[in-house]
DNA sequence: GATCGGACTCGACAGGGTGTTGACCGGGGT
DNA sequence: ACCCCGGTCAACACCCTGTCGAGTCCGATC
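Chains as they are written, first to last, in the numbering used here: chain A, 4 to 229; chain B, 4 to 229.
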């Protein structure tokens, strides 16, 4: 992680206030208002005035807490990615136990996290095109996940469970990209999309065949018989 | 195709003019200006005034030719998708000849088309979040491609070349989605991306393993020995 | 050759959103 | 008693969008 962190918390301080004071609840009120409004309309249709009024303050006062509308969304996105990281946990370190089950667990947990905050995720996808900061943050997060998957694939190859084929990094990028786009379509509901109940299994199937050439990868290392 | 078409041309008339007249070159001037400006900055940073001045007209006059800035982009997108459709041709009907080569041809041609108009494609991806019309058109185009791939997969399964597994439609959606997102990252260059020279082969590999469970699918039907 | 109508053009305005400025208020430390 | 400072907002300057009404040009019509 390269972003600066506040001394008090673990999330980057996208607001302006340095120390703590009574204005803390105003900040969370803005955040809460944003999440509520996001449930009923698109991010672009929410004005700073809406956010301010929803939090019981005037528009100029909004700027005391956040430098822009986008910064609010960025804070929301931080929470979601952190939750996803936590949900993923260390499943990738325990792949050899039962590869299929572990990969499924990984995908299912990401699915649950994103699905639980679909409004925020959808809004981020929308503004990623126009906002460089969101783009940067998402790129950073994705890079971390790509690296983790890449390392896991290399581990599986090392233990002989997966064949050497594509560069692990390229494969990791392709699979992560697929998940992102497929989830987006499923949550957004516009255009061709996989049904929500099936999406985890569909993604899992493509991951397993791309990594192992089979949907039933071997559980224990083939060359270790202690 | 469900969109209305002008009597004169083959593309939907996103401009306003009904008959032809001297204003034709103004319309293409706007389109050309849009493509040129898109090469140097983001769509959101281009104002209608920029487009108008670039075409040598005033801002109100712009509205005589297009109802909005987005309509210009929509016209540009039409061209690209039509070119992609033409480039794809009938490769999917000739899969049995040499599956690997045909699939590669399909992906490579799409890659070439999108890569040749990357500014337009990138801009469309950007506004898809905020513009319902772009979203609708893209969904329509994607649906067509998904159906074509789905049919091809079912054909390959019928001739015994590919195993029955995931519903063909879900698989087609996942693979098309992956391509879209991976190309976007490669062309945009932000965040983890596959290098442009490798991207076709990376995508191909995932497609083949997901569809056939192997990267060397059989060329001729297994049960036909005349 | 006058006139008419439609294609075409733009100056000017209204509306709505953003970001900033300067002043004001209230309370805790000195 | 004072003053700094967190917190607050009315008012302003700015930019962009979309529209309206008035004007020009030109081929078709009488």
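Where is the CB? At the ideal position from N, CA and C, for every residue including glycine.
Among the options, nearest to residue i - alpha-carbon criterion
i	options	result
residue 206 (chain A)	B:213, B:207 and B:133	B:213
residue 27 (chain B)	B:68, B:107, B:130 and B:162	B:68
residue 158 (chain A)	A:133, A:97, A:109 and A:136	A:97
residue 90 (chain B)	B:62, B:65, B:119 and B:77	B:119
residue 139 (chain B)	B:88, B:110, B:77 and B:198	B:77
residue 137 (chain B)	B:39, B:55, B:31 and B:81	B:81
residue 163 (chain B)	B:99, B:38, B:37 and B:64	B:99
residue 208 (chain B)	A:169, A:125 and A:131	A:169
residue 215 (chain B)	B:155, B:197 and B:39	B:155
residue 135 (chain B)	A:129, A:87, A:57 and A:175	A:129
residue 66 (chain A)	A:94, A:107, A:17 and A:35	A:17
residue 86 (chain A)	A:150, A:112, A:95 and A:94	A:112
residue 174 (chain A)	B:210, B:33 and B:36	B:210
residue 149 (chain B)	B:35, B:63 and B:88	B:88
residue 94 (chain A)	A:51, A:165, A:151 and A:176	A:151
Interface flag, residue i vs chain B, CB-CB below 8 Å
i	result
residue 177 (chain A)	yes
residue 217 (chain A)	yes
residue 180 (chain A)	yes
residue 86 (chain A)	no
residue 38 (chain A)	no
residue 24 (chain A)	Only weak support is given to the placement of residue 24 (chain A): the predicted model assigns it a pLDDT of 48, under 50, and the value that follows is read from those uncertain coordinates. Output row for residue 24 (chain A): interface = no.
residue 95 (chain A)	no
residue 41 (chain A)	no
residue 171 (chain A)	no
residue 104 (chain A)	no
residue 78 (chain A)	no
residue 212 (chain A)	yes
residue 35 (chain A)	no
residue 115 (chain A)	no
Close-in-space but distant-in-sequence residues of the same chain around residue i (CB under 6 Å, 5 per side omitted)
i	result
residue 172 (chain B)	153
residue 84 (chain B)	144
residue 114 (chain A)	203
residue 122 (chain B)	41 and 42
residue 235 (chain A)	There is no way to answer for residue 235 (chain A), as the model of chain A reaches only from 4 to 229.
residue 117 (chain A)	124 and 186
residue 132 (chain A)	none
residue 167 (chain A)	160
8 Å Cβ shell around residue i - same chain, five flanking residues per side excluded
i	result
residue 24 (chain A)	Only weak support is given to the placement of residue 24 (chain A): the predicted model assigns it a pLDDT of 48, under 50, and the value that follows is read from those uncertain coordinates. Here the set comprises nothing.
residue 200 (chain A)	none
8 Å Cβ cutoff, residue i in contact with chain A
i	result
residue 91 (chain B)	no
residue 73 (chain B)	no
residue 199 (chain B)	no
residue 203 (chain B)	no
residue 209 (chain B)	yes
residue 195 (chain B)	yes
residue 145 (chain B)	yes
residue 81 (chain B)	no
residue 111 (chain B)	no
residue 206 (chain B)	yes
residue 185 (chain B)	yes
residue 99 (chain B)	no
residue 32 (chain B)	no
Nonlocal neighbours in the same chain, by C-beta distance under 7 Å from residue i, ignoring five residues either side
i	result
residue 197 (chain A)	185, 189 and 205
residue 53 (chain A)	40
residue 29 (chain A)	58, 60 and 68
residue 79 (chain A)	34, 37, 38 and 123
| task | Could you tell me whether the stretch 213-223 of chain A touches the stretch 97-115 of chain A, where touching means 3 or more Cβ pairs closer than 8 Å? | result | Contact holds: three or more Cβ-Cβ distances are below 8 Å.
| Going along the stretch 120-141 of chain B in order, which residues come within less than 9 Å of chain A, judged by CB to CB distance? | Closer than 9 Å at the C-beta level to chain A, one finds these residues of the stretch 120-141 of chain B: 125, 126, 128, 129, 130, 131, 132, 133, 135, 138, 139 and 141.
| task | Spell out a yes or no on whether the stretch 169-186 of chain B and the stretch 180-190 of chain A are touching, meaning 3 or more CB-CB pairs, one atom from each, closer than 8 Å. | result | Cβ pair count under 8 Å is three or more, so yes.
| said: Check whether the stretch 36-46 of chain B and the stretch 73-90 of chain B touch, using three or more Cβ-Cβ pairs below 8 Å as the test. | reply: Touching, yes.
| Cβ contact check for the stretch 188-205 of chain A and the stretch 138-151 of chain A: 3 or more pairs under 8 Å | With a cut-off of 8 Å on Cβ pairs, the stretch 188-205 of chain A is not in contact with the stretch 138-151 of chain A, counting fewer than three such pairs.
| Contacting positions in the stretch 149-169 of chain A - beta carbon closer than 8 Å to chain B | Taking 8 Å as the Cβ-Cβ cut-off against chain B, the residues of the stretch 149-169 of chain A that qualify are 149, 168 and 169.
| query | Of the residues that make up the stretch 46-67 of chain A, which ones have a beta carbon closer than 7 Å to any beta carbon in chain B? | reply | Against chain B - using a Cβ distance shorter than 7 Å - the residues of the stretch 46-67 of chain A are 47.
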